[in-house]
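Worksheet for the structure shown next.
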Amino acid sequence: MLHNHSGESALSSSASSSSSHSVSLSPSVSASSLSASAYFTRPGPAKALSFRGSDSMGHRFKIPNAYAVGTRPRKDVCPLKVVCIDYPRPDLESTVNFLEAAYLSSTFRTSRRPDKPLKVVIAGAGLAGLSTAKYLADAGHKPVLLEARDVLGGKVAAWKDDDGDWYETGLHIFFGAYPNVQNLFGELGINDRLQWKEHSMIFAMPNKPGEFSRFDFPEVLPAPLNGSGSNVLLGGGSGYGIIYLILFSIVYNPSQLNFDSCSFQNHCQRGIGDFLWIWAILKNNEMLTWPEKIKFAIGLIPAILGGQAYVEAQDGLSVKDWMRKQGIPDRVTTEVFIAMSKALNFINPDELSMQCILIALNRFLQEKHGSKMAFLDGNPPERLCQPIVDHIQSLGGEVQLNSRIKKIELNKDGTVKSFLLNNGNAIEGDAYVFATPVDILKLLLPEDWKEIPYFRKLEILVGVPVINVHIWFDRKLRNTYDHLLFSRSPLLSVYADMSVACKEYYDPNRSMLELVFAPAEEWISCSDEEIIDATMKELAKLFPDEISADQSKAKILKYHVVKTPRSVYKTVPNCEPCRPLQRSPVEGFYLSGDYTKQKYLASMEGAVLSGKLCAQAIVQDYEKLVAREQGKLAEASVVLYARLIVPKQCKVIPLEEKNRKHIDDSNCSTTSIIGDDEMGLNGLKSLWLMVAGSTGTIATIAVIYYLRCAM
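Residue numbers (this note's numbering): 494 to 1204.
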């Protein structure tokens, strides 16, 4: 999928866990068995980055000429050809968003080391759970990460088939506008595992089978912003003048400027990002007419100027409704935003909240490289998740696979006692985190919690179904590209030829298409064969010269279908208020996942950021959690002490906070009515008062001992 894999792992219900099937139709050569050491050529100027060893990046795989054939030429339509180019890593480190994310990361490493590290039990080893564990370990605590399945990653999980080829839960794209993800790669020392692609967005043309349309983002600003001329500002005969006036009013709007260095830098970066997006829209001549482009650009101005406050205020509108409200022609929605809606959340624009689109645009618009895309150079469990696990374990944390949670066990006061696993083991800790999809959390939510408003609102959040399809063909498809492609098909969202886009999956002789099948609600219960048949019919429209539905042209060697009945939460209008904060009202219990409150949509970035925010909340609550644990130990000590020392005639009376019972002095030699509020016992719900006739002194000693431990 485009970028909506928070990576939270399903724990208890097959309704939320991905299922996968494969069929091999004829003998095939494993892509992983082929040598990936093709002849490398530098892309473009000599200033391209250089890399060393087997992880070399920023190079072009030279494909034999026979496979580098363009589509039939057509005016205003860019022919595509099989060519594999990795571009140098963009300069992300100087952006305000990256620096903010880097600072948040640094607070964990530089925080005071805890006298007693917290044992934090985390359910789910997707990106949210891995992120939570990583940053807790950085802060000196001991995370224990429990994963239900035998594979890391949650919604970025992948599996290796009998031929040694990998198939994934979804098609994962890493954007420049993912500052926390980009920081994570840097912190782990794996920046070179991202394969950056050309700064473009490429759309199939349904009415022109086999042809594609592009939105190209310029690397160098055109005149007049580059100082090379002024005629264009006035129009210059090109028709761009009015748009430049709009852009200048945005970029140089004094009401938006704050001349401290950080704000000014952020404004300049955003101004450049705004320009690049509108420039890309204007330069595209296949999908939209000039009047439509101008109305589209003008319609985006409130989102550009309004910032996050405006974005959040649009949650009640669907994409379709917002477009009409802004006076943007319906054809813009049809031509552009159906594809974008399906890529972002697997649903159509009449269902998707406009806030989701605006969050994405707001992130992309904020910086020049925000919309640049990169592919991971191989399978996510090994190339991304395993380095996080290695980091966690190097700092004393634990990661346990095949550890499915059966029940959240509670103490009498409603706090978490342990996570009970299917194998009967109970895992206890000082704090607990649920980093699973929201649907799994709702299935395991204790009855005592269901009426708490914080948890009750979760009923509105429901995962959306999605299907990921992998097809290996018996030949190299000519009409494909080393990039993510928006299919604009009724059934397919985005796809890529992974045999050229991803180094580990590189194959010079055969194409492997990875496709996101969405919306999938009506197809999730269909057989794999039905899904493949429907996919081939759509591919026949995209590749009319090379693919036919009956396989009379390119033949399928094998395929894999991965179904996720409950993936990311469905971002429908008015669901934003239901997203919970990471700190729950139950002391010691926290949530992590892209559905929780954070400024990014359901995405890998949202998952990683939610993990950092969850870890931050736990670190901030350190003193409270330590005191709570000491109180539990003290209570256990008093009970044990009473059983061993206090005579049998001594009574043990629970003293509830709101129902303190006065005990007459005449009934015992010592009376102690103690309130937990005045003694500062940090939220303990009850105290144990020991009352005895002739043994009141012993009882008093026990109570005093308990209080001293609990303070």
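Quick reminder that beta carbons are idealized off the backbone N, C-alpha and C, glycines included. Keep in mind the model is a prediction, meaning the values are calculated, not measured.
| Query | Result |
| --- | --- |
| Exposure of tyrosine 596, with buried meaning 16 or more beta-carbon neighbours within 10 Å | exposed |
| Contact set for serine 1249: own chain, Cβ-Cβ below 7 Å, skip 5 residues either direction | What the structure shows of the chain is the stretch from 494 to 1204, and residue 1249 is not part of that stretch, so it cannot be assessed. |
| Pairwise C-alpha distance: valine 649 and leucine 837 | 15 Å |
| Separation of methionine 847 from tyrosine 998, as counted between CA atoms | 36 Å |
| Asparagine 916 vs serine 896 beta-carbon contact at 9 Å | yes |
| Best match in Val1079, Leu985, Lys899 for proximity to glycine 617 [C-alpha to C-alpha] | Lys899 |
| Runs of beta strand (DSSP E) wholly within the segment 823-898 (minimum 3 residues, chain order) | 866-869, 891-893 |
| Selected residue, minimal CA-CA separation from alanine 1056, among Ser887, Ile1024, Glu1069 | First, the amino acid is wrong: residue 1056 is lysine here, not alanine. Among Ser887, Ile1024, Glu1069, the Cα nearest to that of lysine 1056 is on Ile1024. |
| Endpoints, the beta strand (DSSP E) within which alanine 697 is located | 693-697 |
| According to DSSP, residues forming a beta bridge with aspartate 990 | Leu1006 |
| Sufficient close CB pairs (3 or more, under 8 Å) joining the segment 1010-1017 to the segment 956-971 | yes |
| Enclosing beta strand (DSSP E) for alanine 616 [first to last residue] | 612-616 |
| For alanine 1095 and leucine 687, the rounded distance between their alpha carbons | 21 Å |
| Helix, strand or coil at aspartate 608 according to DSSP, with G and I counted as helix | coil |
| Contact under 9 Å by Cβ, alanine 796 with glutamine 675 | no |
| Option in Ala632, Gly622, Leu869 with minimal Cα separation from valine 614 | Gly622 |
| First and last residue of the uninterrupted alpha helix (DSSP H) at lysine 813 | 812-818 |
| Nearest-angstrom Cβ-Cβ length linking serine 864 and phenylalanine 668, presumed shorter than 8 Å | 7 Å |
| Separation of tyrosine 671 from glutamate 1098, as counted between CA atoms | 5 Å |
| Proximity below 9 Å, CB of aspartate 631 to CB of arginine 606 | no |
| As assigned by DSSP and simplified to three states, the class of tyrosine 596 | helix |
| Closest residue to leucine 638 among Leu620, Phe708, Asp655 (Cα-Cα distance) | Leu620 |
| Among Ala1027, Ala626, Thr827, Gly809, nearest to glutamate 785 - alpha-carbon criterion | Thr827 |
| Given arginine 475 as reference, the closest of Leu869, Ala802, Leu810, Lys653 once Cα atoms are compared | Missing from the structure shown is residue 475; the chain here goes from 494 to 1204 and no further. |
| Nearest residue (CA-CA) to glycine 1081, options Leu1032, Asp906, Ser887 | Asp906 |
| Limits of the beta strand (DSSP E) - the one that tryptophan 965 falls within | 959-966 |
| Nearest neighbour of leucine 938, chosen from Phe912, Asn918, Asp923 [CA to CA] | Phe912 |
| Serine 834 versus Leu984, Ile933, Gln1044, Lys701, residue with shortest Cα-Cα distance | Leu984 |
| One or two residues paired with proline 636 in a DSSP bridge | Val613 |
| Given isoleucine 901 as reference, the closest of Val926, Asp883, Gly890 once Cα atoms are compared | Val926 |
| C-beta atoms of glycine 663 and asparagine 961 nearer than 9 Å | yes |
| CB contact flag (glycine 820, isoleucine 850, <9 Å) | no |
| Residue range of the beta strand (DSSP E) that includes threonine 625 | Here threonine 625 belongs to no beta strand (DSSP E); instead the alpha helix (DSSP H) covers 620-631. |
| Glutamine 688 - partner residues in DSSP beta bridges | Phe868 |
| Cutoff 7 Å; reference isoleucine 840; Cβ partners in own chain excluding five residues on either side | Ser834, Val957, Pro1012, Lys1063 |
| Exposure of asparagine 855, with buried meaning 16 or more beta-carbon neighbours within 10 Å | buried |
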